[in-house]
Structures are given as structure tokens and as C-alpha cells.
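Number 45 in this note's numbering belongs to position 45 of the sequence shown; there are no gaps in the numbering.
All C-beta atoms in this analysis are idealised placements derived from N, C-alpha and C, irrespective of residue type, glycine included.
Below is one structure, written out as C-alpha cells; comments come after it.
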Amino acid sequence: MCAALIGGMDRLKRDYIDEAKRHGVKLKCYTGKERSIGNTMGNVDFVVMFTNKVSHKAKRDIVKALKSKKTPVYMHHSCGVSTLRRCLGDVSN
């Protein structure tokens, strides 16, 4: 399973990837500051977005790009590793 994480803290990137690996998910991390993220993500099974670290414009662009691909987007305000862990647990069940 492959997922994308948009937002979050740069210093926790390694922790995000390790936690996803424990759940059997390959994770692609984006800070939310890149241009046209929706077009560069490729084929992912789902997207986790930490909304407190992403601008409103970026959020709209990403959701618009993913809606055409019918990719589920899970949005959370908090950007901790425990939030990602909880989301990955919900998705895998």
C-alpha cells in the first residue's frame, strides 16, 4: 500500500516514514509548500493531510486533483506521529 503525507513537521519526517513502515505502508512526504503537489504525487492509495501546516490554496488544489482520481483524503488538524498512527490504523481496518 502506498500513501502520501502532506503537511507535518520537517523534523518528524523520519518518524512519519518509520511509523508508516510499521503499518506496511510506503509513505511519500510533502511539506505542502511544493508547487502542484496533486500532479506530482503519482498513484497513491490514500492521502493524509495535516491541515494546520498547509495553506488553504494548497489544500484546495490537492483536493481538486485527488477528487478526479477518486483517491480518499484524510484530513487532520494535528500533525503528530500519534495522529498518523491512528489514521493508518483506521485505514488498515
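So, with DSSP's three-state summary, where would you put residue i?
| i | result |
| --- | --- |
| K33 | coil |
| V44 | coil |
| H56 | helix |
| C79 | coil |
Which whole-angstrom value is the C-beta distance of residue i and residue j, which I expect to be below 8 Å?
| i | j | result |
| --- | --- | --- |
| T51 | G89 | So it is not a contact: roughly 20 Å between Cβ atoms. |
| V54 | G32 | 4 Å |
| L84 | V73 | Contact flag wrong, Cβ pair sits at about 14 Å. |
| A4 | K28 | 5 Å |
| G38 | D61 | 6 Å |
| D45 | C87 | With a Cβ gap of about 13 Å, D45 and C87 do not count as contacting. |
Is it buried or exposed for residue i, if we count other Cβ within 10 angstroms and need 16 for buried?
| i | result |
| --- | --- |
| G24 | exposed |
| T71 | buried |
Per DSSP, which one or two residues make a beta bridge with residue i?
| i | result |
| --- | --- |
| L5 | C29, V48 |
| H23 | According to DSSP, H23 bridges with nothing at all. |
| V73 | V47 |
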